[in-house]
Amino acid sequence: MPKDLRRYLEVRDETCRFPGCNRGAAHSDIDHALDWQFDGLTAHDNLAHLCPGEHGLKSETRWSYDIRPDGTLYWTSPTGRHFISEPATIIQPQPSPKAEHDGRAPERKPVLPDESDEPPPF
1 MPKDLRRYLE VRDETCRFPG CNRGAAHSDI DHALDWQFDG LTAHDNLAHL CPGEHGLKSE
61 TRWSYDIRPD GTLYWTSPTG RHFISEPATI IQPQPSPKAE HDGRAPERKP VLPDESDEPP
121 PF
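Following full-length UniProt numbering, the numbering of the sequence shown begins with 1 at its first residue and continues without gaps.
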(Lines of atoms letter the chains of each structure in order from A and count residues from 1; the text may use other names and numbers.)
(Lines give C-alpha, C1' and ligand atoms only; values in the text may rest on other atoms or scores of the structure.)
Protein backbone atom coordinates (compact mmCIF):
# COMPACT_ATOMS: atom_id res chain seq x y z
CA MET A 1 0.00 0.00 0.00
CA PRO A 2 1.42 3.43 -0.90
CA LYS A 3 2.71 5.46 2.06
CA ASP A 4 0.57 8.47 1.17
CA LEU A 5 -2.61 6.35 1.18
CA ARG A 6 -1.66 4.80 4.52
CA ARG A 7 -1.06 8.29 5.98
CA TYR A 8 -4.37 9.59 4.57
CA LEU A 9 -6.22 6.74 6.30
CA GLU A 10 -4.38 7.30 9.60
CA VAL A 11 -5.32 10.99 9.61
CA ARG A 12 -8.92 10.34 8.57
CA ASP A 13 -9.58 7.43 10.94
CA GLU A 14 -7.25 7.83 13.97
CA THR A 15 -8.90 4.74 15.54
CA CYS A 16 -10.61 1.47 14.71
CA ARG A 17 -13.83 2.43 12.91
CA PHE A 18 -15.99 -0.39 14.32
CA PRO A 19 -18.94 1.06 16.30
CA GLY A 20 -17.87 1.67 19.90
CA CYS A 21 -14.20 0.73 19.46
CA ASN A 22 -11.45 3.29 20.02
CA ARG A 23 -8.26 1.28 19.56
CA GLY A 24 -5.65 3.42 17.80
CA ALA A 25 -5.16 3.18 14.06
CA ALA A 26 -1.48 2.36 14.63
CA HIS A 27 -2.62 -0.91 16.25
CA SER A 28 -5.32 -1.69 13.69
CA ASP A 29 -5.54 -3.45 10.34
CA ILE A 30 -6.59 -1.70 7.15
CA ASP A 31 -9.72 -3.40 5.85
CA HIS A 32 -11.33 -3.37 2.41
CA ALA A 33 -15.06 -2.57 2.70
CA LEU A 34 -15.58 -4.54 -0.50
CA ASP A 35 -13.01 -7.33 -0.32
CA TRP A 36 -10.26 -7.15 -2.92
CA GLN A 37 -11.08 -10.69 -4.11
CA PHE A 38 -14.50 -9.33 -5.11
CA ASP A 39 -12.89 -6.47 -7.09
CA GLY A 40 -12.70 -4.07 -4.14
CA LEU A 41 -10.13 -1.38 -4.86
CA THR A 42 -7.25 -0.48 -2.58
CA ALA A 43 -8.36 3.15 -2.42
CA HIS A 44 -9.31 5.61 0.33
CA ASP A 45 -13.02 5.20 -0.43
CA ASN A 46 -12.86 1.42 0.11
CA LEU A 47 -10.54 1.20 3.14
CA ALA A 48 -10.89 1.74 6.88
CA HIS A 49 -8.99 0.85 10.04
CA LEU A 50 -10.34 -2.08 12.05
CA CYS A 51 -8.56 -3.53 15.08
CA PRO A 52 -7.69 -7.23 14.70
CA GLY A 53 -10.66 -8.42 16.78
CA GLU A 54 -13.22 -6.31 14.91
CA HIS A 55 -11.58 -7.12 11.58
CA GLY A 56 -12.07 -10.82 12.32
CA LEU A 57 -15.66 -10.20 13.42
CA LYS A 58 -16.42 -8.36 10.18
CA SER A 59 -14.74 -11.06 8.09
CA GLU A 60 -16.42 -14.00 9.84
CA THR A 61 -19.94 -12.62 10.31
CA ARG A 62 -22.43 -10.54 8.36
CA TRP A 63 -21.21 -7.16 9.63
CA SER A 64 -20.64 -4.81 6.67
CA TYR A 65 -20.10 -1.13 5.99
CA ASP A 66 -20.22 1.41 3.19
CA ILE A 67 -17.91 4.41 3.04
CA ARG A 68 -19.37 7.77 2.06
CA PRO A 69 -17.32 10.44 0.25
CA ASP A 70 -16.66 12.34 3.51
CA GLY A 71 -15.24 9.18 5.15
CA THR A 72 -18.32 8.36 7.23
CA LEU A 73 -18.87 4.61 7.60
CA TYR A 74 -22.45 3.30 7.55
CA TRP A 75 -22.39 -0.07 9.31
CA THR A 76 -25.02 -2.80 9.07
CA SER A 77 -25.09 -5.49 11.77
CA PRO A 78 -26.01 -9.14 11.15
CA THR A 79 -29.50 -8.35 12.53
CA GLY A 80 -29.97 -5.38 10.18
CA ARG A 81 -29.34 -2.59 12.71
CA HIS A 82 -27.43 0.44 11.43
CA PHE A 83 -24.58 2.34 13.04
CA ILE A 84 -22.58 5.38 11.95
CA SER A 85 -18.84 5.86 12.44
CA GLU A 86 -17.73 9.40 11.64
CA PRO A 87 -14.14 10.09 10.61
CA ALA A 88 -11.81 11.83 13.06
CA THR A 89 -10.88 14.24 10.26
CA ILE A 90 -12.93 15.02 7.18
CA ILE A 91 -10.55 15.34 4.25
CA GLN A 92 -12.02 16.99 1.18
CA PRO A 93 -10.64 15.39 -1.97
CA GLN A 94 -8.72 17.71 -4.24
CA PRO A 95 -10.15 18.15 -7.73
CA SER A 96 -8.25 16.29 -10.38
CA PRO A 97 -5.87 18.61 -12.26
CA LYS A 98 -6.81 16.79 -15.47
CA ALA A 99 -10.44 17.75 -15.01
CA GLU A 100 -9.59 21.45 -14.92
CA HIS A 101 -6.85 21.58 -17.55
CA ASP A 102 -7.73 21.56 -21.24
CA GLY A 103 -4.20 22.02 -22.58
CA ARG A 104 -4.39 25.78 -23.11
CA ALA A 105 -2.37 28.31 -21.17
CA PRO A 106 -4.33 29.94 -18.36
CA GLU A 107 -5.93 33.25 -19.23
CA ARG A 108 -4.07 36.16 -17.68
CA LYS A 109 -5.56 39.51 -16.84
CA PRO A 110 -3.49 42.50 -17.94
CA VAL A 111 -1.75 44.48 -15.22
CA LEU A 112 -2.98 48.05 -15.39
CA PRO A 113 -0.81 50.95 -14.20
CA ASP A 114 -1.91 52.80 -11.09
CA GLU A 115 -3.74 55.92 -12.23
CA SER A 116 -3.69 57.78 -8.93
CA ASP A 117 -2.34 61.32 -8.73
CA GLU A 118 -0.21 60.43 -5.72
CA PRO A 119 3.55 60.07 -6.21
CA PRO A 120 5.04 56.60 -5.64
CA PRO A 121 5.80 55.84 -1.96
CA PHE A 122 9.57 55.55 -2.58
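Note that CB positions come from ideal geometry on N, CA and C, so glycine has one too.
- Under DSSP, Thr-76 shares a beta bridge with Ser-64, His-82.
- Judged by beta-carbon spacing, His-49 lies within the 9 Å limit of Glu-10, meaning their Cβ atoms are closer than that value.
- Between the alpha carbons of Arg-6 and Ile-67 lies a gap of roughly 16 Å.
- If you compare the alpha carbons of Phe-83, Gly-80, Leu-47 with that of Gly-71, the shortest gap goes to Leu-47.
- Per DSSP, the unbroken alpha helix (DSSP H) holding Asp-13 starts and ends at 3-13.
- Nearest C-alpha to Lys-3 among Ala-43, Thr-61, Gly-56, Asp-35: Ala-43.
- Here Ala-26 is exposed. Its C-beta has fewer than 16 other C-beta atoms within 10 Å.
- Distance from Arg-17 to Leu-73 at the Cβ level is roughly 5 Å; contact confirmed, criterion being Cβ atoms closer than 8 Å.
- Secondary structure note for Asp-31: its beta strand (DSSP E) is the uninterrupted segment 29-32.
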